[in-house]
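These notes concern the structure reproduced below.
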Amino acid sequence: MPKVLISDELSETAVNIFKERGLDVTYEPRLGKDKDKLLSVIGLYDGLAVRSASKATAAVIAAGKNLKVIGRAGIGVDNIDIPAATAAGVVVMNTPYGNAITTAEHAIAMMFAAARQIPQASQSTHAGKWEKSRFMGVELYGKTLGVIGCGNIGGIVADRGVALKMRVIAFDP
């Protein structure tokens, strides 16, 4: 049975997906922050699942004598030494769509918060004030939204901007 080490925080659902597929899973969500311990145990595993805290460096990959795959729960693989993995024959995978909608919707939520001065209004209200006219804010409708980078997340942000009837200008460098 293949052994997989999950060295960063993942949801219980994600951990169960590994188990349901017959993998021997070790879930140590804080291990990614302890590079020495990660180096000492990685040789026992066929797979490594990471998020952002774990760094799959050349040293970690070299110590992973049985390592066949490194999976990144997220889009970026900047914490994985791709050339070292390639040289060792270790497949590197990511989940580029995993959090794209969540991230794009968070960007839109931040736009609403800024346009409507929600943090400031909340602070004022919590201080016992009611300053309705001070925190009228502005509508996003008809405003111009600039999106730099039209990958998965940028494309979704642009779509949401169009749905809000904003003028969307996008640039993908």
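Each residue of the sequence shown is one higher than the one before, starting from 498 at the first, in this note's numbering. Note that beta-carbon positions come from the ideal geometry of N, C-alpha and C, so glycine has one too.
(1) Apart from the five residues on each side of it in sequence, which residues of its chain come closer than 7 Å, Cβ to Cβ, to residue 532?
(2) Looking at C-alpha atoms only, which residue of 619, 580, 638 is the closest neighbour of residue 629?
(3) With residue 613 and residue 591 assumed to form a contact (beta carbons below 8 Å), what rounded beta-carbon distance in angstroms separates them?
(4) Could you compute how far the alpha carbon of residue 527 sits from the alpha carbon of residue 640?
(5) Name the DSSP beta bridge partners of residue 545, please?
(6) Does residue 669 come out as helix, strand or coil in the three-state DSSP assignment?
(7) Using DSSP with H/G/I as helix, E/B as strand and the rest coil, what is residue 613?
(8) When DSSP labels each residue in this structure, what does residue 608 get in the three-state scheme?
Reading off the structure:
(1) 552
(2) 619
(3) With 8 Å as the limit, residue 613 and residue 591 do not qualify as a contact, their Cβ atoms being about 35 Å apart.
(4) Taking the straight line joining both Cα atoms gives about 43 Å.
(5) 502, 567
(6) coil
(7) coil
(8) helix
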